[in-house]
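>
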Amino acid sequence: MISRIFIHGLESSDKGTKAVFFREKYPHMIIPTFTGNLPERMEKLNRILSNKSDIRIVGSSFGGLMAALFAMENGSRVKRMILLAPAINMIGLAPQKQKKISVPICIYHGRDDEVISLTDINPVAKRIFTDLSFNIVDDDHFLHKTFKTLDWDVLLA
0 MISRIFIHGL
10 ESSDKGTKAV
20 FFREKYPHMI
30 IPTFTGNLPE
40 RMEKLNRILS
50 NKSDIRIVGS
60 SFGGLMAALF
70 AMENGSRVKR
80 MILLAPAINM
90 IGLAPQKQKK
100 ISVPICIYHG
110 RDDEVISLTD
120 INPVAKRIFT
130 DLSFNIVDDD
140 HFLHKTFKTL
150 DWDVLLA
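In numbering that gives the first Met the number 0, the protein residues as written are 0 to 156.
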């Protein structure tokens, strides 16, 4: 059975714009709230997904970092990741070794993102993701112009 999860950004929650959108469009999608530091958030994510397989992850900003770290350790269980302005430039903060991720990854990153620079993300993405579609869009960090225009049924299939 397909498992879908949305992982929000550092200062967001399960009540943010993207979380509300996913809750309405995909009622069975897992949409938790994460608080605390990175290890605490990762522990909760691992607990939530412990008995899941065939996982599709949408990670936004810091949630994109969490998605990448989860896939490094659980790649065989993750089928696809859609990362929205992912904070993968912070991947060096993670204690585990940086492994390559062969899961299909689709990144959407705003050209005008002032929170996470494209120049910081692009080299990291190319280094750790082996099956990558990197989409630069006319938007900012929050991707409000882009987010609802994406074909989520295809992306999360």
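We put the CB at the ideal spot given by N, CA and C, even for glycine. Quick caveat: nothing in here was measured; it's all calculated off a predicted structure.
Would I135 pass as a contact of L117 if the rule is Cβ separation under 8 Å?
Yes.
> What is the DSSP secondary structure of R46, counted as helix, strand or coil?
DSSP places R46 in helix when its eight states are reduced to three.
> Measuring straight from C-alpha to C-alpha, what distance separates S11 and I120?
Each residue's alpha carbon lies about 21 Å from the other.
> Please specify which runs of the beta strand (DSSP E), each continuous and at least 3 residues long, are wholly inside the stretch 62-117, giving them in chain order.
Runs found: 77-83, 104-109.
> Applying the 10 Å Cβ sphere with the 16-neighbour rule, what's the burial state of D138?
Answer is buried; the Cβ neighbour count reaches 16.
> Please report the distance separating the alpha-carbon of Y25 from that of G62.
Whole-angstrom Cα-Cα distance: 18 Å.
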